[in-house]
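A.B. asks: Chains as they are written, first to last, in the numbering used here: chain P, 1 to 337; chain W, 1001 to 1337; chain Z, 2001 to 2337; chain V, 3001 to 3337. The beta carbon of each residue, even a glycine, is placed where N, CA and C say it ideally should be.
1. Determine, for residue 2154 of chain Z, whether the minimum Cβ-Cβ distance to residues of chain W falls below 8 Å.
2. Are the C-beta atoms of residue 3111 of chain V and some chain W residue less than 8 Å apart?
3. Residue 3077 of chain V lies in the alpha helix (DSSP H); which residues open and close that run?
4. List the whole-angstrom C-beta distance separating residue 2243 of chain Z from residue 2149 of chain Z, where the pair is believed to meet the contact cut-off of C-beta under 8 Å.
5. Can you pull the chain W neighbours of residue 2014 of chain Z, defined as C-beta to C-beta under 7 Å?
6. Does residue 3202 of chain V come out as helix, strand or coil in the three-state DSSP assignment?
7. Indicate the three-state DSSP secondary structure (helix, strand or coil) for residue 2260 of chain Z in the structure shown.
8. Select from the stretch 1231 to 1242 of chain W all residues with a C-beta closer than 8 Å to any C-beta belonging to chain P, and list them in chain order.
9. Return yes when the Cβ of residue 3302 of chain V is within less than 8 Å of the Cβ of residue 3099 of chain V, no when it is not.
10. Measure the CB-CB distance between residue 306 of chain P and residue 272 of chain P and report whether it falls below 8 Å.
11. Should residue 3198 of chain V go down as buried or exposed, given a rule of 16 or more other Cβ atoms within 10 Å for buried?
12. Relative to the alpha-carbon of residue 3239 of chain V, which residue among Z:2152, Z:2124 and Z:2081 has its alpha-carbon at the smallest distance?
13. With 8 Å set as the bound, which would you pick, yes or no: does the beta-carbon of residue 2259 of chain Z sit closer than that to a beta-carbon of chain W?
14. Tell me which residues share the same chain as residue 3162 of chain V and place their Cβ nearer than 8 Å to its Cβ, disregarding the 5 neighbours each side in the sequence.
15. Among the residues of its own chain, which have a CB less than 8 Å from the CB of residue 1 of chain P, if the five just before and after it don't count?
16. Say whether chain W places a C-beta atom closer than 8 Å to the C-beta of residue 3226 of chain V.
17. Closer than 7 Å between beta carbons: that is the criterion. Which residues of the stretch 3188 to 3215 of chain V meet it against chain Z?
18. Of all Cβ atoms in chain P, is any one closer than 8 Å to the Cβ of residue 1126 of chain W?
19. Going along the chain, which residues of its own chain have a beta-carbon closer than 7 Å to the beta-carbon of residue 1233 of chain W, five neighbours each way excluded?
20. In the structure shown, what three-state DSSP assignment does residue 2314 of chain Z receive?
21. If you follow the alpha helix (DSSP H) that residue 1288 of chain W is part of, which residue opens it and which one closes it?
22. What in chain P is Cβ-close to residue 3052 of chain V, meaning under 9 Å?
23. For the putative contact between residue 3050 of chain V and residue 3086 of chain V, defined by C-beta atoms under 8 Å, what is the C-beta separation to the nearest angstrom?
24. Within the 8 Å Cβ cut-off, does residue 2221 of chain Z reach chain V?
25. So which residues of chain V does residue 255 of chain P contact, with C-beta pairs closer than 9 Å?
26. Buried or exposed: where does residue 1065 of chain W fall if 16 or more other Cβ atoms within 10 Å of its Cβ makes it buried?
27. Output needed in chain order: residues of the stretch 257 to 283 of chain P with a Cβ under 7 Å from some Cβ in chain Z.
28. Closest to residue 6 of chain P by C-alpha separation, out of P:59, P:43 and P:103, would be which residue?
29. When you compare each of Z:2022, Z:2130, Z:2075 and Z:2095 to residue 1255 of chain W by their alpha carbons, which one comes out closest?
30. Quick one: does residue 2245 of chain Z have its CB under 8 Å from some CB of chain V?
31. Span of the alpha helix (DSSP H) holding residue 249 of chain P?
32. So what does DSSP say about residue 3321 of chain V, is it helix, strand or coil?
33. Using a Cβ cut-off of 8 Å, pull out every chain Z residue sitting near residue 1001 of chain W, in sequence order please.
34. Give, in chain order, every unbroken run of the alpha helix (DSSP H) that is at least 4 residues long and sits entirely within the stretch 2161 to 2226 of chain Z.
35. Considering only C-alpha positions, which residue in the set V:3224, V:3294, V:3035 and V:3128 is nearest to residue 3195 of chain V?
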C-alpha cells in the first residue's frame, strides 16, 4: 500500500518535498527523479539515500511502470507539459504552483483532465491545509458569522531579493490569497483593482511596494489584501472575515510569551518557510492518502489552478491600468463540482 | 481661577457635558444655560443643582458678562450661528460636531476667527484625547514605525436606529475617523472612494451597510475604513497604521479575561458611550485648562472643523457617484500653524 | 456643595493628592494644610495656588471650623494620632496607608469610630477603585465563575531603592494585595506562610527577593502571591481568580500593539505611579462624593485598616518563622456590616 | 532503513501509536503485536491493515529476530517486566508512562540498562516534544531570562470519570509536570508539599479537587502547580517561568479569534488528546529517527522514569501527611549524563 512517486525537478522545493515524503510522511516512496540538470537528480538520490532511478526527462519518468504519481517541482514554464503528459499517462499529479504560466495553458490542463474522465491533479496551494484557514472555513461553513461581507487580509514579507518585480507581488505573493480566499468563502471573483500607496523607502529602485488589491466576488464580498514585501519586521499573514453576525480572524503564529525589558512580546517569524511547514506536511500526506483511500486527490484542482491563472492575469492588468479589471472565468465544468 | 461656562443646548449631549463639568472635572462652573425649549434648560439646572441662570437664547447667553466660554450642544444647524456670535463677542467656544452643516459655513467660522485675531474655538472631536490614539500618534511622531504608508480602520456599531440613513455613515460615523486620521498622520486628504460590499441582511430596508471608504492623502497614504453599523456583536473601533519599519495598532478595549465554557474571552462593549468616556473627560478638562493656562484652547480647531466638512461632503458625493472624488481643501491659513 | 479639605502632610503623596483635588477632581476645595515642615506647607500653597491657610499642626487644622474633611498624608507613625483627633472632632478622614503602624493602633481607631457612632474614615487602598479589580469583583459577585477556590497573584516592581528591606515586601508591597483580595472574594484570612525561592542576583545584599506568600482564608481559598521587587522588566500586577465554573483574570495594562523588529509587543509600565493613576482619581472623587451624597465615605474602612495591620503582622512573623502563622482577627463589629 | 517495531499492548493508546506509526510517521513498520487479549491484537492488525504477526506474549515478541524495537503500551504493572526483557534482548524500547509502578522497579530498569551498557529506553513523556515547552527551554538555555527562580503552572481538565481518585492527581496528572519541569530548568527536586484548597462542588464524593503542589528544587526554585481536574471550562495547561531578568510563558493553544455576541474569544480545548497531538507525533518520530541516525533514543531516559517514580511517591505521601516531604533521589549515574 505504498504510493510510488516520481519527482520532476530537484531544485530547492523539489528537495524539500523529497525530504518530506521520505523522512516525515507515511505511505509513499520516491522511486524516480529527473531534472534538466541530471547531476542534481543524482545528488538528490545521494543526499536523501533514495532507492530511486534517475530518468533523462519528465516523459520517460512518467512512463515508468512503477511510478504511480508525479510531483512536479520544475520551473514554472515546464509545468504545463509535464502535467499534460502525466494526464495522458493516467498518472496522479501533485504540481507546485503555477499549474501553468498562462490561463490558456491551465485551461488546456482542465480540458485534458475532463477528457481523461478522472481527477488526477492537485495544485500545491498549501494554505488550504493550514489549521488557521481551516478554522476560519469551518466557522464560515457552520454559519457562525452569517454570510461573509468583507475580508481584510495582509501578506507581508520582511524583504525580497533584487529579482523580485512589481508583477511578482501578484504571481508569487498574492497568488496564495487568490487561491485560498475564494475557497474560504466558496465564491468566485468578479473584478479587481490594484492601488499603490506611497512607496516604502525600503523597496529597491523600480519596485512598487506596498500594493493594495481590492477584489470583488460574484456575491458582492469585497476583499482587500495588503501586499507588503519589504515590511522589515517579519513574515506575517493576516486574514479577517467580517460576516453579518460576527468576525473570525487567523490567530497570530503561536510562540511563547515573554516579559522582558519593558515589553510583553511574542516573536514574529522572519522566514516564510516556518509559517506553513505543517500545512506542507498535511498537504502532501493528504495527496498520498486520498489517492490510496479515495482514488483521487482531494486538494486544489486543475480548475482552481485555472481560476488562479485568470485572476492573476487580471490583477497584473490592473497594476498597469489603474482601473477595475473584470475577472472573466469560464463557466465551471460540472466535472469539478 | 474658575472658568465660567454657558451651555447652549440642554439635550442629551448637553446634559452629559453639564454633568461632566459639574461632577467630574475641575476648574469650571456652569453659570448660564439656554435651550430652544426653556423648560429643558430649567430642568437641567434643577437636575444638576446648578447655580446658573437660564437665558432666552444663545445671543443673550453669549452676551452675559460672567460667561467666559460657551459649550455648544444644540442641534447641528444651529451651531454656526452660535459659534459666529461667540467669536464676535470674544468668548471661547467648545462646539460639538459638526462645527457647521456645510463647508461654506465652516469656512465662514474660520474667516471670522482669523478676523478676530485669536483662537477661540475647539471642536468636539474627542478621539484625539483617547489614550489609544495618543499612543499611536506618539509612536508615529517618534518615528518608531517610519513613514506611514497605509491605515486599516474599522468603525462598527452593533445596530442603529431606524432614522439612520446611508449618508449618516459619513456625517455621523466616519466623521470621527475623518478628523482623527489626518491629525494622526499629520497629512491632508486628497481623494475618496466609497464601495458597497454585499449588504447585511440586518440593515433596515434602504440602508446600505456596510460601506468601505478609501481615502488617499497628499503624501500618498491609503486609508481604508470599514463602516459597519449593524455588525451585531458590539461597538468596536479599530485603527492600524502600517509604516515603513513597523506597525502600530489600537489596543482592544481593556476588560477582564475570562475562561469559561470552553472559551477564553474578553467582553466587547455594546454601547459606544463607554468606549470614549475618558476621552470626553480629558477633552473638556483640556479645554478648561488650556484657556486658563495658555489663553486659548489647544484641541481641534475651526480649521479642523472645516476639513471635516469638506471631506464629509466629498465622501457623500462618492457614495452616489461610485467614483473617486477629489477632496479640495483651501490652502491652510498660517493662522492655524 | 463644595467639600472643604485640610491636608496633613505635604510630602510627595500629599502634594499629589493636593494636585488631584485641585486640578483634576470636582467638588472639593483645599482650605487648610499643615506639615511638620511649615515651609513645605507654604510651598504647597504657592505651587498649587491654593486659597488655603497653613496650620501649625494637625490638631489645630482639624479644629478649624471650615475644614469638613482631612486627608492624612504624613509619615506612617503620625497617622494614628491624626485619625483619632479627627474622629474626636467629628471630621471625615481619608488616611493613606497604613491606618496605624500597629494592629493595636488600628484597633484603637476602630473603637473610637464605633464610639463616635458614625463612619468617618476611609483608608487609601486604591486598588478597589481599579477597573480591573472592579471587573473581577463584579464577575465573582454575579456568580459567573462559581465559588472562588484559588487566587494566583503577582506583585512585581522593576527595582527598589536601597532602603527597601525584606519586611517591606509585606508592609509596603503585599499590603495592597492584603487589602484588595479579601475584599475581592468577601472572605477573611486565616493563616499565612512565606517561602523564599532562590534569591535573585539583582537584589541588594541582605534583601530576600522574591518571596511567595500563601494565604488561606476562612472559606478555604488558597491565595498565592509572588512578591518580586527586582524583576527588572517592569511594574506588573497580576491577579487570577480560579472558581468552580471558570476563571477571571486582570487584563494586561492597556497599550498600543506594535509589530517591529521581529516582535509583536505591548509596553509594560516601568513606573507604578501610572498603573493606578485612574484608581487614585476615582478613589478620592468617591470619597468627596460619598460624603456629600451619602454622609459617609464608602471606601475601605477602619476595620479594613485593622485587617491589613493584623495580617501584615502575621506575614512578617511568617517571614522569620518559616511556619504557618495564624491570622487572628477580632470578631467583626456589627458597625462595619 | 525501516525500523521494525513490535507493539506490546493493543488497547486505546497502543492503537493510537500503531495508527501514528503506520499512517502518519515515516521510517518504521509494525511487524509484531501482542496483547493479553489475543483477539484484540488480531483486530489491531485487521483495522490498521498491518503486515504483522501476532505473538502470544511480550517475551516471544521481543525475541523475534525482525523486531528492532518495542513500543510498550500494556497496562502499567506489566511495563517493568517487558522493559527488562527488552533490555536483556538488546532491543530498543519506547515505554508509555509509567516506566514502572514503583521507584524500586524503575531503579531495576536503570540498573539493567547500565549493565547492558547501552541506552535503549525512552519513556513516553511527550511534553518535551511540545513546541511551547521547547520554546521555553530554548529561552532558558539561551539565558534570555536569567536564572529561573519560580514556576507557576496549572494542569486543568474539564472533568474526570468516576474512577479518578485523589492520588491519581499525582500519578496520572501531575506526573507530566514532574517530568517536564525538571527537564525544563535542568534541576532536581528536593521536596514537595500538597495543599488542598476549598473543594469544588463539581468533584465527585471523596475526591479532593483542586490540589496545589509546591515543589522545591536543589537550586532553590519554587514550583507551584495547580491541579484542577473538574475545572469545567476546558483542558488547559499553563506554565510560566519567572527568571532573574524576565519571564517566559506557554502560549495559549492556538485557535481562530472570534468577535461575536459581545465577546472577543478563542476556543479552549475540551479534550486533552488534541493538546499534544503534534507532540506525540514528534516524540515517536524522534524515537525512530534517533535509533537510526544516532544508535540510541534521545528522549526521556530510564533515569527520568526513575525520577518521576520517586517524585510521585513523595507527592502521594505529601497528600496524606500534609507536611513537606523530601524527594530523595539516588545519585545520578554518569551513564545518563
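C.D. replies: Looking at the coordinates:
1. For residue 2154 of chain Z, the nearest beta carbon of chain W is not closer than 8 Å to its own beta carbon.
2. With 8 Å as the cut-off, residue 3111 of chain V does not count as an interface residue toward chain W.
3. For residue 3077 of chain V, the uninterrupted alpha helix (DSSP H) segment begins and ends at 3076 to 3088.
4. Cβ atoms of residue 2243 of chain Z and residue 2149 of chain Z come within 8 Å of each other, at about 6 Å.
5. Near residue 2014 of chain Z there are no residues of chain W at all, since even the closest Cβ is about 18 Å away, more than 7 Å.
6. Coil.
7. Assigned with DSSP and collapsed to three states, residue 2260 of chain Z falls in strand.
8. Listed by position along the chain: 1231, 1232, 1233 and 1242.
9. The Cβ atoms of residue 3099 of chain V and residue 3302 of chain V lie closer than 8 Å to each other.
10. The Cβ-Cβ distance between residue 306 of chain P and residue 272 of chain P does not fall below 8 Å.
11. Classification for residue 3198 of chain V: buried.
12. Closest option to residue 3239 of chain V, Cα to Cα, is Z:2152.
13. True, the Cβ-Cβ gap to chain W drops below 8 Å.
14. Cβ-Cβ distances below 8 Å link residue 3162 of chain V to 3204 in the same chain, with the five nearest sequence neighbours on each side left out; the list follows chain order.
15. The residues 27 and 292, in chain order, have a CB closer than 8 Å to that of residue 1 of chain P in the same chain once the five nearest residues on each side in sequence are set aside.
16. With its beta carbon at least 8 Å from every one in chain W, residue 3226 of chain V lies outside the interface.
17. Result list: 3195, 3197, 3198, 3200, 3201, 3202, 3210 and 3212.
18. Interface criterion not met: the Cβ of residue 1126 of chain W is under 8 Å from no Cβ in chain P.
19. Excluding residues within five positions, the ones whose Cβ falls inside 7 Å are 1158 and 1268.
20. For residue 2314 of chain Z, the secondary structure class from DSSP, reduced to helix, strand or coil, is helix.
21. Start and end: 1277 to 1294.
22. Close partners of residue 3052 of chain V in chain P (Cβ separation under 9 Å) are lacking, with about 13 Å as the shortest Cβ gap.
23. About 20 Å; that fails the 8 Å criterion.
24. Closer than 8 Å: yes.
25. Residues of chain V passing the Cβ test: 3131, 3132, 3135 and 3251.
26. Label assigned to residue 1065 of chain W: exposed.
27. For the stretch 257 to 283 of chain P, which is checked against every Cβ of chain Z, the residues closer than 7 Å are 259, 260, 261, 262, 263, 264, 265, 266, 267, 268 and 270.
28. Nearest option by C-alpha distance: P:59.
29. Answer by Cα proximity: Z:2130.
30. At least one chain V Cβ lies under 8 Å of residue 2245 of chain Z.
31. No alpha helix (DSSP H) contains residue 249 of chain P, which is instead part of the beta strand (DSSP E) from 246 to 249.
32. Three-state result, residue 3321 of chain V: helix.
33. Within 8 Å of the CB of residue 1001 of chain W, the CB atoms of chain Z belong to 2049, in sequence order along the chain.
34. The qualifying runs are 2175 to 2185.
35. Nearest C-alpha to residue 3195 of chain V among V:3224, V:3294, V:3035 and V:3128: V:3224.
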